[in-house]
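2 protein chains.
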Amino acid sequence: MATISDVAARAGVSTATVSRTLNGKSTVDPELAARVLEAAEELGYHPNGLARNLRRQETAVLALIISDVENPFFTSIARGVEDLAQVSGYSVVLCNSDENEDKERRYLDVALQERVAGVLLSPTGPATSVTRLRRLGIPVVAVDRPLPGTDGDQVLVDTRRAARQATRHLVANSYRRVACLTGPPGVRTADDRLSGYFDAVGEENAIFRRAEYRAEGARHAAGDLLDQPVPPDALLVANSTMAIGVLEALAERSLRAGRDIGIVSFDDAPWTTLIDPPLTVVAQPAYEIGRVAAQLLLARIADSTREPVTTTLDAQLIDRQSSHR
Amino acid sequence: MATISDVAARAGVSTATVSRTLNGKSTVDPELAARVLEAAEELGYHPNGLARNLRRQETAVLALIISDVENPFFTSIARGVEDLAQVSGYSVVLCNSDENEDKERRYLDVALQERVAGVLLSPTGPATSVTRLRRLGIPVVAVDRPLPGTDGDQVLVDTRRAARQATRHLVANSYRRVACLTGPPGVRTADDRLSGYFDAVGEENAIFRRAEYRAEGARHAAGDLLDQPVPPDALLVANSTMAIGVLEALAERSLRAGRDIGIVSFDDAPWTTLIDPPLTVVAQPAYEIGRVAAQLLLARIADSTREPVTTTLDAQLIDRQSSHR
DNA sequence: TTGAAAGCGCTAACAT
DNA sequence: ATGTTAGCGCTTTCAA
């Protein structure tokens with residue numbers, strides 16, 4: 003593995019000159035530069051980024067830690083982050099915490115040890131802590147869910163309001179017993195969506211279940227709800243992976259969305275218009291969330307003293323057929 | 003940012019002792035060890051992974067470069083890779099090449115510069131080259147698509163055979179004009195699936211279109227096919243993102259899958275059973291592909307001299323309703 | 001413009 | 001069992 007001194011030796015110059023040539027920092031004699039380039043080429047030389055970063059005390063990589071790589075909402079965020087980061091010359095590496103505190107901590111540690119330039123994180127829960135990162139001066143921006151007890155940059159969605167609105171939409175469409183299926187306690191979006199639902203129906207009338215943000219758990223929870231003596235006639239579902247489970251539960255019982263039971267789900271997954279009836283959803287601006295978050299992070303990397311900012315984006319109800327009788 | 007010497011100074015020992023304590027390599031006096039740990043704690047010390055890796059000439063991170071982070075097939079692979087890597091203490095960072103040679107090259111460069119322990123790659127096309135990686139001794143295993151002109155480790159699916167089988171299935175279900183919608187030329191899976199289709203219908207009877215591996219392009223291509231004077235009565239679709247486009251094209255024309263036009267698609271996405279009629283698919287063992295690939299990579303990291311192995315997994319036709327009249 | 005040399009933070013001989 | 005020290009590959013003063 004050729005090093006910079008190999009190149010220097012071959013070109014008959016000092017390592018400093020090689021470094022200067024390759025980085026185009028200071029100006030070097032064209033003649034020497036040519037020799038350097040040639041030597042580097044011949045040797046198949048590739049700078050060792052580890053050494054460079056160690057010396058420079060900086061890296062051009064961002065870490066994005068999301069809680070479910072199989073959820074289109076998060077992959078869409080990833081696209082947004084990546085597109086923005088790339089034009090500024092940053093690479094982004096995606097880590098999947100899988101809604102699991104341990105995995106999340108591991109990836110946070112990796113980010114810390116590798117001394118990435120910054121991290122974007124959708125915290126798994128209230129236990130998530132980034133104080134270690136912050137102490138080392140590595141900026142963190144929270145995405146989709148706020149970081150417990152900190153005042154850093156964050157980009158969120160007004161998801162409580164969206165849930166309230168979606169519930170009211172169901173009520174307005176003359177569903178009388180609207181229930182809510184949300185994620186685990188402690189997961190902020192799950193709690194907020196439930197609160198929004200409470201806002202609309204009143205806590206005393208609330209019917210709800212919690213399950214993991216996954217199809218399987220949602221299928222059971224929905225089944226449980228549906229099999230009650232007096233089942234709900236409408237369901238607010240907290241994300242699209244859960245919606246899959248819910249729709250399976252309906253199919254198992256030969257229930258038709260809309261006619262038999264009103265459904266509104268969070269997240270406009272690619273398949274929501276394919277099913278019959280098409281799914282009414284609360285569309286979150288995932289790609290935009292990613293872009294904004296990356297912007298915030300880059301801005302903070304450039305200037306660590308700026309005031310923390312919280313950007314709250316709006317979700318949008320897309321009214322399709324599953325919320326009409 | 004506290005360094006190892008800060009800790010050493012505070013604990014009144016040498017840096018070597020600190021290093022030994024923290025890495026549990028050699029044995030150190032419990033008394034000293036305690037002092038070290040305490041000092042580290044007080045200082046909020048976290049080892050600098052860059053320095054460590056530079057010194058050790060190794061990292062415990064794997065790079066997984068996939069061509070579409072929004073495609074469930076690839077995210078499923080990612081899960082497989084991650085699950086296996088994790089138990090061996092490796093972290094995996096996901097990079098999205100977006101079916102784009104430039105992005106792919108950028109991420110390959112990042113992997114190279116960061117001197118990752120190994121890379122798993124689903125090459126975007128024939129131009130993909132990993133010789134630079136290999137020259138530096140960084141092992142690469144190809145996933146889902148073979149690496150042009152090399153004999154490294156790879157894990158593939160016998161996709162040609164699967165396509166042939168799927169086409170025959172359609173023919174056996176008395177569809178008479180089966181067409182094929184596949185990905186771009188040069189993308190190996192796209193070409194192989196087309197070949198499998200040729201195998202079944204004969205090249206002279208072939209009706210096919212190519213489009214990007216995305217919903218939008220597939221929608222147009224399918225529309226084009228469907229609007230022919232004598233349209234096909236069945237379609238073999240090369241992946242699930244394309245299937246979304248195809249189903250949209252059907253809906254626009256009030257065509258019903260199965261009855262009006264037989265459909266078989268590659269990849270068993272989560273939503274395929276939700277639509278009406280449920281989609282007949284060729285299910286690829288994505289998660290398993292990821293696991294096996296990670297295994298191969300780890301094995302090669304451990305022993306760079308072992309013979310390259312190609313593992314070919316089988317896909318499975320899941321017969322549902324969209325391929326029956 | 002160029003080179004010599006220090007040093008980023010860590011680990012691993014080697015010596016004690 | 002512990003410390004001393006060299007050095008991983010690079011960038012960047014500082015002199016020349």
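Chain order of the listed sequences is S and P.
Position 116 of the first sequence, counting from 1, maps to 118 under the working numbering, and the rest follow consecutively.
Position 184 of the second sequence, counting from 1, maps to 186 under the working numbering, and the rest follow consecutively.
Glycine is no exception: its CB is placed at the ideal position from the N, C-alpha and C atoms.
#1: Tell me, which residues are paired with L315 (chain P) by DSSP?
#2: Against chain P, with Cβ distances strictly below 8 Å, would V63 (chain S) count as a contact?
#3: Please list the partners that M3 (chain S) has in chain P, where partner means a Cβ-to-Cβ separation under 8 Å.
#4: I'd like to know if the segment 263-283 of chain S and the segment 49-68 of chain S are in contact, where contact means that at least 3 CB-CB pairs between them fall below 8 Å.
#5: Touching or not, the segment 246-254 of chain S and the segment 220-238 of chain S, by the rule of three or more beta carbon pairs under 8 Å?
#6: I'd like to know if T282 (chain S) contacts chain P, where contact means its C-beta is closer than 8 Å to some C-beta of that chain.
#7: Tell me which residues share the same chain as I209 (chain S) and place their Cβ nearer than 6 Å to its Cβ, disregarding the 5 neighbours each side in the sequence.
#8: Below 6 Å CB to CB, which residues in the same chain sit around T17 (chain P) once its five sequence neighbours on both sides are set aside?
#9: Curious, which full-length beta strand (DSSP E) runs of at least 3 residues does the segment 160-228 of chain P contain?
#10: By DSSP, does S267 (chain S) sit in helix, in strand, or in coil?
#11: Are the C-beta atoms of D278 (chain S) and some chain P residue less than 8 Å apart?
#12: Report, in whole angstroms, the separation of the C-beta atoms of G51 (chain S) and Y177 (chain S), which I expect to be a contact under 8 Å.
#13: Within the present structure, is the beta-carbon of V38 (chain S) separated from the nearest heavy atom of the ligand COA by less than 7 Å?
#14: Within the 8 Å Cβ cut-off, does V180 (chain P) reach chain S?
#15: Give, in chain order, every residue of the segment 109-132 of chain S whose Cβ lies closer than 9 Å to some Cβ of chain P.
#16: Below 8 Å on the Cβ atoms is my contact criterion, and I expect V83 (chain P) with A295 (chain P) to pass it. Report the Cβ-Cβ distance as a whole number of Å.
#17: Please determine, among S:D193, S:T312, S:S324, S:T133, the residue with the shortest C-alpha to C-alpha distance to L110 (chain S).
#18: In angstroms, rounded to a whole number, what distance separates the CA positions of M3 (chain P) and I79 (chain P)?
#19: Just to confirm, are L114 (chain P) and V142 (chain P) a CB contact at a threshold of 8 Å?
#20: Whose Cβ in chain S lies nearer than 7 Å to the Cβ of S90 (chain P)?
#21: Any contact between the segment 86-99 of chain S and the segment 23-34 of chain P? By contact I mean 3 or more CB pairs, one from each, below 8 Å.
#22: Have a look at the DSSP bridge pairing and note the partners of G82 (chain P).
#23: Can you list, in chain order, the residues of its chain with a C-beta nearer than 6 Å to that of T23 (chain P)? Leave out the 5 residues immediately preceding and following it.
#24: Quick one: what's got a C-beta closer than 7 Å to V145 (chain P)'s C-beta in the same chain, skipping five residues either side?
#25: Residue range of the beta strand (DSSP E) that A62 (chain P) falls in?
#26: Would you say the segment 155-173 of chain P touches the segment 185-204 of chain P, given that touching needs at least three Cβ pairs under 8 Å?
#27: I need the boundaries of the alpha helix (DSSP H) containing T17 (chain S), first residue and last residue.
#28: Return the residue from the list S:A42, S:T19, S:R190, S:D153 that minimises the CA-CA distance to N241 (chain S).
#29: Could you tell me the alpha carbon to alpha carbon distance between R81 (chain S) and R12 (chain P), rounded to whole angstroms?
#30: Counting only the same chain and skipping the five closest in sequence on each side, list residues whose C-beta sits under 7 Å from that of Q167 (chain S).
#31: Excluding the 5 residues flanking E218 (chain P) on each side, which residues of the same chain have their C-beta closer than 7 Å to its C-beta?
#32: List, in order along the chain, the chain S residues whose C-beta lies closer than 9 Å to that of N98 (chain P)?
#33: Could you tell me how far apart the beta carbons of R117 (chain P) and T61 (chain P) are, in whole angstroms, since I believe they sit closer than 8 Å?
#34: Which one or two residues does DSSP pair with L123 (chain S) in a beta bridge?
#35: Can you tell me which residues form a DSSP beta bridge with L259 (chain S)?
#36: Quick check on S90 (chain P): does DSSP put it in helix, strand or coil?
Result, derived from the coordinates:
#1: DSSP output for L315 (chain P) lists P:V159 as bridge partner(s).
#2: Residue contact with chain P for V63 (chain S): present (Cβ-Cβ distance below 8 Å to some residue of chain P).
#3: L138, G139
#4: no
#5: yes
#6: no
#7: A181, P234
#8: I6, S7, A10
#9: 180-184, 210-212
#10: strand
#11: The C-beta of D278 (chain S) comes closer than 8 Å to at least one C-beta of chain P.
#12: Actually they are not in contact, since the Cβ atoms of G51 (chain S) and Y177 (chain S) sit about 57 Å apart, beyond 8 Å.
#13: Of the ligands one can find in the structure shown there are none, so the ligand COA has no counterpart to examine.
#14: no
#15: Y109, D111, V112, L114, Q115, E116, R117
#16: 6 Å
#17: The shortest Cα separation from L110 (chain S) among S:D193, S:T312, S:S324, S:T133 belongs to S:T133.
#18: 38 Å
#19: no
#20: Chain-ordered listing is empty here: chain S has no CB closer than 7 Å to the CB of S90 (chain P), the nearest sitting near 13 Å.
#21: no
#22: Per DSSP, none; premise fails for G82 (chain P).
#23: Listed in chain order, the non-local C-beta contacts of T23 (chain P) below 6 Å within the same chain comprise V30, A35, V38, local neighbours out to five positions each way being set aside.
#24: So the qualifying residues of the chain are I79, L122, L123, S124, V157, I291, A295.
#25: Here A62 (chain P) belongs to no beta strand (DSSP E), and DSSP marks it neither H nor E.
#26: yes
#27: 17-25
#28: S:R190
#29: 45 Å
#30: Around Q167 (chain S): L319.
#31: Once the five neighbours on either side are set aside, the close Cβ partners of E218 (chain P) are G247.
#32: T77, A80, R81, E84, V94, L96
#33: 6 Å
#34: DSSP lists S:I67, S:A144 as partners of L123 (chain S).
#35: It should be pointed out that residue 259 (chain S) corresponds to Ala in this sequence rather than to Leu. In DSSP, A259 (chain S) forms a bridge with S:I263.
#36: coil
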